[in-house]
Structure formats: C-alpha cells, structure tokens
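Chemist: Here it is, the structure in full.
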Amino acid sequence: TEHVSHTLLKSKIWRFIRDFSYRFASGLTVLTKEDFEYYKFVKNRAIMHNPIFHKPKNTKYYKESIILSVGRLETVKGYENYFKALSLIDKNILDKWDIIIAGNGSLENSLKNLAINLNLKINFVGHQKDIGSLYERAKILALPSMNEGFGNVLIEALFYECARVSTPTSGAKELIKDGFDGLISEDFSAESYAITLEKLLKNDGMCQNLVQNANLKKSKFEIENIIDKWYKFIKECEQ
1 TEHVSHTLLK SKIWRFIRDF SYRFASGLTV LTKEDFEYYK FVKNRAIMHN
51 PIFHKPKNTK YYKESIILSV GRLETVKGYE NYFKALSLID KNILDKWDII
101 IAGNGSLENS LKNLAINLNL KINFVGHQKD IGSLYERAKI LALPSMNEGF
151 GNVLIEALFY ECARVSTPTS GAKELIKDGF DGLISEDFSA ESYAITLEKL
201 LKNDGMCQNL VQNANLKKSK FEIENIIDKW YKFIKECEQ
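Position one of the sequence shown corresponds to residue 1 (full-length UniProt numbering), numbered consecutively onward.
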C-alpha cells in the first residue's frame, strides 16, 4: 500500500530500490491516477481512496463567511505562499471574510509574524479535537499545499459541504474536478492562488454550485464502499 505520491521520494537510489521491489508485489494500492500510471510495471494494482472515518452528525449547516485551512504549520503545507496570495486579494472583498488556520507546527511564530507584516487578520486556533465544529461553519476550505499525496481534508470538506479551493497537487487533481466540484489554481504561485480564491470569494452562487456538485461524490468515500473495494482487490490478488 502506497500512501504518498511517487514523486515524494527524491533519492534516485531509494526510488530504484522501491520500484524494483514493487515489481515482485502480489498487489499494490495507490491513492491517485497519477501514481496508478507510474506503477504500471506492477501486475495487480488499484486506486484505493481513503474513506471518511468520522461522518458528520448533522446534515444541514448554517454557513458563515469563513475561509478555513486545516493542517500542520510546516513548509510543505504552503502557508507562506497562501498568506502572500491573501495579501493580493482585493481588501474590500477579503475583509468580509474570517480566515481561520487550524493546526500546530514549527512555523507558527514565523507565520504569525508574516500575517502581521502583510496586514492580514488571521485567527490561529491550533490543533482542534473537534474540527467538525469549524467545518460546519466554514463556507470555504482552502488547501495551499506544495505537495499532497491525497489530502484527506478535501474529503472532510466535501462531507461538511465546504467549497474547496486547492493548489494543483496530485491529491487535489484526484479529488476535485476543477470548476465543477471545486477549484484548482493553475500553478503553485501566490498570484495564481489569489486569482482562484478571489473568484470564489466574490461569487456565493459559485460556492453553492461547487458544493452541490461535490455532494454527488459522497458515496464514493463511504467506509462501507471502500471496504468492499478492498475485499474485491484482495480476492483478485489471490487468483
């Protein structure tokens, strides 16, 4: 079972060892189509998404003008770039929204200083045991990661009916159909992410349409359906 993007391993030696050993595997599961295509030298392979482990108890949400981000405060999560993107958005538009960051990490102090320097009002709430209470209120889930093998927060946001905006990671491209059930920036630059996010901030109708279309995918991530896929794949590998 491979739970990270094949591109994450940078060492040529370790990539060779990994790829060589996988050739002898009875089966291999990956998270994205991109990885599925890369590991074409493995006979039995399948795309196996992570399920939603804790389904929301509520089915109706009273959304507020909140942009929520959930994740560790580390370089790979792209928060420095995200803050620069926020600073490029029309202030008259951005001031109508509350920006919340949920998570801890080594960059917490430097990110708080960056927010001050960029004149951004950002609420750092730390790690949340009950993250669902934030998802329930947030209209938008922003994922600015530089690398994301999958992105469980994109599934969580789907179930809590948050409109999703992400950088073009392999995980985002697997979980979002750009313009239909979420938005993906053209590239990883602050300028590109700012354009994509601002488009959503000033169009509530677009938010609602993206959420409505994303609802069609919920059953795909139900744990019962994922278990069924695992059962069938294991049977195939045994043959």
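Don't be surprised by glycine CBs; every beta carbon is placed ideally from N, CA and C.
No experiment lies behind these values; they were computed from the predicted model shown.
Assign residue 158 to one of two classes, buried (16 or more other C-beta atoms within 10 Å of its C-beta) or exposed (fewer than that).
Modeler: buried
Chemist: I need the DSSP call for residue 89, collapsed to helix, strand or coil.
Modeler: coil
Chemist: For the structure I just gave you, are there three or more beta carbon pairs, one from the segment 75-82 and one from the segment 106-119, closer than 8 Å?
Modeler: yes
Chemist: Taking the beta strand (DSSP E) that residue 181 falls in, what are its first and last residues?
Modeler: From DSSP, residue 181 is part of no beta strand (DSSP E); its letter is neither H nor E.
Chemist: Does the segment 172-185 come into contact with the segment 145-157, if we say contact requires no fewer than three beta-carbon pairs (one atom in each stretch) closer than 8 Å?
Modeler: The segment 172-185 makes contact with the segment 145-157, as at least three CB pairs between them are under 8 Å.
Chemist: Going by the CB atoms, is the gap between residue 18 and residue 9 shorter than 8 Å?
Modeler: yes
Chemist: Where in the segment 90-135 do unbroken runs of the beta strand (DSSP E), each at least 3 residues long, occur, reported from the N-terminal end onward?
Modeler: 98-102 and 122-124
Chemist: Straight-line CA distance for residue 71 to residue 102?
Modeler: 6 Å
Chemist: Alpha carbon to alpha carbon, how far is residue 245 from residue 183?
Modeler: This structure leaves residue 245 out entirely; the chain is present only between 1 and 239.
Chemist: Any idea what DSSP makes of residue 57, helix, strand or coil?
Modeler: coil
Chemist: Measuring CB to CB, does residue 120 end up less than 8 Å from residue 79?
Modeler: no
Chemist: Taking residue 207 as the reference, which of 178, 145 and 2 has the closest Cα?
Modeler: 178
Chemist: State the Cα-Cα distance for the pair residue 90 and residue 38, rounded to the nearest angstrom.
Modeler: 41 Å
Chemist: Between which two residues does the beta strand (DSSP E) containing residue 76 stretch?
Modeler: Membership of residue 76 in any beta strand (DSSP E) is not indicated, and neither H nor E is assigned to it by DSSP.
Chemist: In whole angstroms, what separates the C-alpha of residue 199 from that of residue 27?
Modeler: 42 Å
Chemist: DSSP three-state call for residue 52: helix, strand or coil?
Modeler: coil
Chemist: Is the distance from the Cβ of residue 51 to the Cβ of residue 222 below 8 Å?
Modeler: yes
Chemist: Within 10 Å of its beta-carbon, does residue 118 have 16 or more other beta-carbons around it, so buried, or fewer, so exposed?
Modeler: exposed
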